[in-house]
Amino acid sequence: MNDINKVLFSAIQPSGQLTIGNYIGVMRQWIKMQDTHTCLYCIADLHAITTRRSPKELRRDVLDTIALYLACGFDPYKSIIFLQSQVHQHSQLCWLLTCYTYYGELSRMTQFKDKYFQGNKNVNSGLFNYPILMASDILLYKTDIVPIGKDQSQHLELTRNIARRFNSYYGNIFTVPVRYMVKHGSNILSLLNPCKKMSKSDSNKNNVIFLLDSINSVSKKIQSAVTDSNNPHSIHYDMTNKKGISNLLNVLSGLTDKTISDLEIEYSGKSYRQFKSDIIEIISDILIRLQSSYFYYRQNEEYLENILYYGSSRACLRADKLLNKVKKAIGLI
Ligand code: TRP
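As numbered in our numbering, residues 4 to 336 make up the sequence shown, in order.
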C-alpha cells in the first residue's frame, strides 16, 4: 500500500553501537518505508545529554550514527534525516507541552523509575522530562506512525494523551500518532541467553553482534551461540524448547526475507554446523558491504555535517508551521 502522505517519525540516540537486532528489527523496515511514506529520521542528541558524556564523545557518536545510517541505506534525499538540536522548535515545543503534562504522569514512567531506583547519581530533570521532549519530536511533524519497541510504548501512550488533552482545549492542532508494529524479526534475542533481548548495552559482548564487529568476531560469536542438545538435531521453530535455534532462524529470516517455514524446509536434515556456517556467511557478506560504506562516509566529516544541516533545514520548515499554530492557539503573540 502506498501511504506517501502518511508521516513516519522515528529517532534514535546517537551511538555507533547498533546491533544486528536493530538492523533486522527496525532499520531494514524503515529503509523500505522511505519509498512508501514521508519519513523523518532524527538523531536525538538532546535526549542523549540527559546522561553525561564528553563533548568529544557526543560529537563522535553523532557522526558515527549518521555515517551508519547512510551506510545502511537511509537516503537523505528521500527522507528527512536530521539532528534534533539543530531544529530549535523541538525544545520550544517541549517547554509548551511541559505545561500540559502532569507531574503524576511523568512519575509513573517506568523508564524513569528504573533509572531513579537504580541509584543513578545523575537524576537530572532532563531524565524526568525526557518523555515530553519525545512527545514534542513526534507531534511537531503531524506524525501518523511511530515505529518503536516495547520499551518506548509507554512514552508514546503519554504522547497520545498530551496531544488529545491539548486538542481538547484548543481544537484539532495535533495529529494523534499510532504505534507502528514492526513485523517479524523485531525480536532478536541474545546469542548465549536467548531468554532476553539482544541489547547493545549487554555487559557480555558475546551475546551481541554489532554492525561494526569484525568478521572474525562475528564468526566466533555465531559459532558459540547456544543451540540445544535435543536429539536428533533438527532445525525448526519452537520458542519453548528450541529458543537458540529459533532465534537463529529469526536472524536468518530477517536478513534474507525468506519465511521461517521456507527456511525449515531448506534446512530439514541439515546439521547445526551447516546452518551456522550459512548464517556466518550471510551476515559477513552484509557486514563487509555495510562497513566499507560506513568507513567511506565516516572519514568525510564535512560531508556528514552538510547532510545533517540539509535535513535539519528541511525539518525546520515543517516544524515551524506547527509550532506557530500551537503558539497562536495558546494565545502567545
Ligand atoms: N527515546 C527513544 C529511545 O531511546 C529515542 C527517541 C527520541 C524517539 N525521540 C523519539 C523514538 C521520538 C521515537 C519517537 O529509543
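The beta carbon of each residue, even a glycine, is placed where N, CA and C say it ideally should be.
The beta carbon of S193 sits closer than 6 Å to those of K199, M201 and N210, all from its chain and outside the five residues before and after it, given in chain order.
Less than 8 Å separates the beta-carbon of L293 from that of L214. Beta-carbon to beta-carbon, L86 and S315 are separated by about 5 Å, close enough to satisfy the 8 Å threshold.
In the structure shown, I176 adopts coil according to DSSP, grouped into three states. As for any alpha helix (DSSP H) of minimum length 4 sitting wholly inside the segment 178-249, the runs are 218-227, ordered along the chain.
With respect to I218, S287 sits close: the two C-beta atoms are nearer than 8 Å.
In this structure, the C-beta of S13 approaches the ligand TRP to less than 7 Å from one of its heavy atoms. Relative to the ligand TRP, the beta carbon of V149 is positioned inside 7 Å of a heavy atom.
For T146, there is no enclosing beta strand (DSSP E), since its DSSP letter is neither H nor E. Here the segment 7-24 makes contact with the segment 42-54; the two share three or more CB pairs at distances below 8 Å. For the options I282, L307 and I165, the alpha carbon positioned closest to that of N253 is the one of I282. The closest CA to that of S274, considering only I248, S296 and S295, is found on I248. Look at S256 here: in three-state DSSP terms it is helix.
Going by DSSP, T22 is part of no beta strand (DSSP E) at all; its letter is neither H nor E. Taking non-hydrogen atoms of the ligand TRP into account, the C-beta of I141 is found less than 7 Å away from one of them. At least one heavy atom of the ligand TRP is found less than 7 Å from the C-beta of H50. Shown here, C102 sits in coil according to DSSP, grouped into three states, outside any helix or strand. Excluding its 5 nearest sequence neighbours in each direction, V221 has C-beta neighbours in its own chain below 8 Å: I212, I283, I286, S287 and L290, listed in chain order. In this structure, V181 and R167 do not form a Cβ contact; the two beta carbons are roughly 13 Å apart against a cut-off of 8 Å. Taken through DSSP and simplified to helix, strand or coil, I7 comes out as coil.
Taking the Cα of A74 as reference, the smallest distance to any Cα among N309, C102, G28 and G19 is reached at G19.
For G129 against A332, the beta-carbon gap comes to about 26 Å, at or over 8 Å, which does not count as contact.
Ranked by Cα distance from D67, the first of Y300, F120 and R317 is Y300.
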